[in-house]
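Just so you know, we're using UniProt numbering here: the sequence shown kicks off at 1 and counts up by one.
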Amino acid sequence: MDHQNRAGSKFGGGGVASQSSTNADRRERLRKLALENIDLEKDPYIFKNHVGMFECRLCLTVHQNDGSYLAHTQGRKHQTNLARRAARELKEGKDKEGALPGMAQIQVRRNLVKIGRPGYKITKIRDPLTRQNGLLFQLQFPEITPGIKPRVRFMSAFEQKVDDPDKSYQYLLVAAEPYETCAFKLQAREVDRREGKFFEWFDEDSKEFWVQVLFKTEREERYSGVPGLAPSMGKR
Ligand SMILES: [Zn+2]
């Protein structure tokens, strides 16, 4: 692995003082992998300050180097802030363009099979950093039973009984009493289960439930066996 010339390597040096711990090695390997795949110049929130540190303008956090900034963008705090901001902007009626900061909004699709009752919206998304494609689901549960939070589960084509089994599809199920459980039919690509990639969030105020699904890129699937990267969900 020689990536001396890749953008950003010059910022690296300071932070990661390896005490030959495998954790540090692993982190550094992941960082290199991430930097190969991610274009920080397309990130609207990164800001390099006057002392050469990286700030997240969304979360108002400061990071030693590009790698720790990247790690931050994959974390729960950053992802929650992205979702909150998107929700706020939707509410303010900016849902034509730029409704999903940090996510390129490609088009709204309604051609996925719906089984069930709650109102919903599906947006095709792409992570501008990793270029992973995915879907953002927003379901409205205004009458949800107090104290209940919607629950999510994936189901293979062979577990479900509604359609004829077709192994090129899988299903995303959302349950929230007293609503009927509903299912969305998805292509059977491997879902990235890493924190921040797959996430669910229930807005208690608006009773809107958000689920983000990003599919692994082919490249990532190839790295699936590397320790520390997402475990394979492989069911076949
Ligand atoms: Zn952030």
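From the three backbone atoms N, C-alpha and C, an ideal C-beta is built for every residue, glycine too.
With distances taken from CA atoms, which of the options is nearest residue i?
i, options, result
"residue 137", "176, 172, 42", "172"
"residue 73", "157, 154, 44, 218", "44"
"residue 152", "41, 67, 183", "183"
"residue 133", "218, 41, 31, 32", "218"
"residue 154", "174, 51, 146", "174"
"residue 195", "204, 71, 135", "71"
"residue 119", "179, 40, 28", "179"
"residue 177", "67, 145, 75", "145"
"residue 41", "205, 168, 206, 128", "128"
"residue 163", "181, 147, 185, 142", "185"
"residue 204", "181, 143, 193", "143"
"residue 139", "200, 192, 29", "200"
Could you name the residues of the same chain whose beta carbon sits closer than 6 Å to that of residue i, not counting the 5 residues immediately before and after it, in chain order?
i, result
"residue 80", "none"
"residue 55", "47, 49, 62"
"residue 165", "157, 158"
"residue 168", "188"
"residue 78", "59, 72"
"residue 67", "31"
Is residue i buried or exposed, if buried means 16 or more other CB atoms sit within 10 Å of its CB?
i, result
"residue 159", "exposed"
"residue 92", "exposed"
"residue 65", "buried"
"residue 130", "buried"
"residue 212", "buried"
"residue 220", "buried"
"residue 222", "exposed"
"residue 10", "Unreliable placement is indicated for residue 10, whose pLDDT of 44 sits below 50; the coordinate value is still reported in the next sentence. Residue 10 comes out exposed."
"residue 161", "exposed"
"residue 52", "exposed"
"residue 147", "exposed"
"residue 31", "buried"
"residue 114", "Confidence in residue 114 is poor, its pLDDT being 40 and thus under 50, which makes the residue's placement unreliable; the coordinate value appears in the next sentence. The residue is exposed, with fewer than 16 neighbouring Cβ atoms inside 10 Å."
Within the same chain, show all residues whose beta-carbon is closer than 8 Å to that of residue i, passing over the 5 residues directly before and after it, in chain order.
i, result
"residue 108", "With a pLDDT of only 45 at residue 108, under the threshold of 50, the placement of this residue in the model should not be trusted; the figure read from the coordinates follows. Correct list, in chain order: 121, 122, 123, 124."
"residue 22", "none"
"residue 88", "none"
I need the boundaries of the beta strand (DSSP E) containing residue i, first residue and last residue.
i, result
"residue 81", "Premise fails: residue 81 lies in the alpha helix (DSSP H), 76-91, not in any beta strand (DSSP E)."
"residue 55", "54-56"
"residue 152", "151-156"
"residue 188", "Residue 188 -> no beta strand (DSSP E), and no H or E assigned at all."
"residue 199", "199-203"
"residue 48", "46-48"
"residue 208", "208-214"
"residue 62", "61-63"
"residue 176", "Element bounds for residue 176: n/a, residue is neither H nor E."
Looking at the unbroken alpha helix (DSSP H) that takes in residue i, where does it start and where does it end?
i, result
"residue 67", "66-73"
"residue 131", "Neither: residue 131 is in no alpha helix (DSSP H) and is coded neither H nor E."
"residue 117", "First-last for residue 117: undefined, no H or E at that position."
"residue 221", "218-222"
Tell me which same chain residues have a C-beta within less than 7 Å of the C-beta of residue i, skipping the five on either side of it?
i, result
"residue 202", "149, 150, 209"
"residue 57", "45, 47"
"residue 75", "195, 196"
"residue 141", "118, 150, 176, 179, 207, 209"
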